[in-house]
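Worksheet: the structure to be examined is printed underneath.
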Amino acid sequence: NYWSDRHMENCLFCKIIDKSIPSNIVYENDNVLAFNDINPEAPVHVLIIPKIHISTLNDLKKEHVGLLGELVFTAGILAKKLGIDKDGYRTNFNCNDAGGQTVYHIHLHLLGGRCFSWPPG
């Protein structure tokens, strides 16, 4: 069954992957999809997601290590493509409610085009 093996039926990001919900896609390959965040926190705010459903970082398995690396590698590709690589950018994952996760499908935030402070929130 496609949905049970790869996607969660009510997951917003799974619906974006399947193109049943439109998004502004900036990058796609066989394993990952990247699109502009609809509520950007910076001039550049892209979400990079795996094309398989993994709810949180806590749900990662050893076989996902390469996929996780591909998400980070994609962030570097997009930083160059979007012109934020020289000045700098931020990447982050949020995990569960207290960590700021609102969609339960892991996603790497790529933010740039402004200066960031620390701590972040």
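Counting in the working numbering, the sequence shown runs from -14 upward without gaps.
Glycine is no exception: its CB is placed at the ideal position from the N, C-alpha and C atoms.
Just so you know, these numbers come straight off a predicted model, no measurement behind them.
*Span separating the alpha-carbon of residue -11 from that of residue 57*: Here the question's residue -11 lines up with position 4 in the sequence shown. Here the question's residue 57 lines up with position 72 in the sequence shown. In this prediction, residue -11 scores a pLDDT of 43, lower than 50, which makes its location untrustworthy; no coordinate-derived value is stated.
*residue -1: buried (16+ other C-beta within 10 angstroms of its C-beta) or exposed?*
For the purposes of this step, residue -1 is taken as residue 14 along the sequence shown, with counting starting at 1. Flag for residue -1 reads buried.
*Pair within 8 Å by beta-carbon distance, residue 6 and residue 36*: To locate residue 6, count along the sequence shown from 1; it is residue 21. To locate residue 36, count along the sequence shown from 1; it is residue 51. Against a cut-off of 8 Å, the Cβ pair of residue 36 and residue 6 comes out as no contact.
*Are there 16 or more other CB atoms within 10 angstroms of the CB of residue 10, so buried, or fewer, so exposed?*
Position 25 of the sequence shown holds residue 10. It counts as exposed.
*asked:* To test your reading of the DSSP string, which unbroken alpha helix (DSSP H) runs of 4 or more residues are found completely within the segment -12 to 74?
replied: Runs of alpha helix (DSSP H) with 4 or more residues, each lying fully within the segment -12 to 74, are found at -3 to 2, 50 to 66, listed in chain order.
*Where do the ends of the beta strand (DSSP E) carrying residue 97 lie?*
Counting from one through the sequence shown, the residue named residue 97 turns up at place 112. Annotation for residue 97: the continuous beta strand (DSSP E) segment containing it runs 93 to 97.
_Reference residue 93; option with closest CA among 70, 87, 60_ = Within the sequence shown, the letter at position 108 stands for residue 93. When each option's Cα is compared against that of residue 93, the closest is 60.
_residue 45 vs residue 53 beta-carbon contact at 8 Å_ = Residue 45 sits at position 60 when you count from the first residue of the sequence shown. Residue 53 sits at position 68 when you count from the first residue of the sequence shown. Closer than 8 Å, so yes.
*Return the CA-CA distance between residue 28 and residue 98, expressed in angstroms with no decimal places.*
Stepping through the sequence shown from its first residue, residue 28 is reached at position 43. Stepping through the sequence shown from its first residue, residue 98 is reached at position 113. C-alpha of residue 28 to C-alpha of residue 98: approximately 5 Å in a straight line.
_Length of the line joining the Cα atoms of residue 104 and residue 82_ = Residue 104 sits at position 119 when you count from the first residue of the sequence shown. Residue 82 sits at position 97 when you count from the first residue of the sequence shown. Annotation: residue 104 to residue 82 spans about 18 Å, alpha carbon to alpha carbon.
*Measure the C-alpha to C-alpha separation of residue 4 and residue 16 and round it to an integer number of angstroms.*
On the sequence shown, residue 4 is found 19 positions in, with the first residue counted as 1. On the sequence shown, residue 16 is found 31 positions in, with the first residue counted as 1. Rounded to the nearest whole angstrom, the C-alpha separation of residue 4 and residue 16 is 15 Å.
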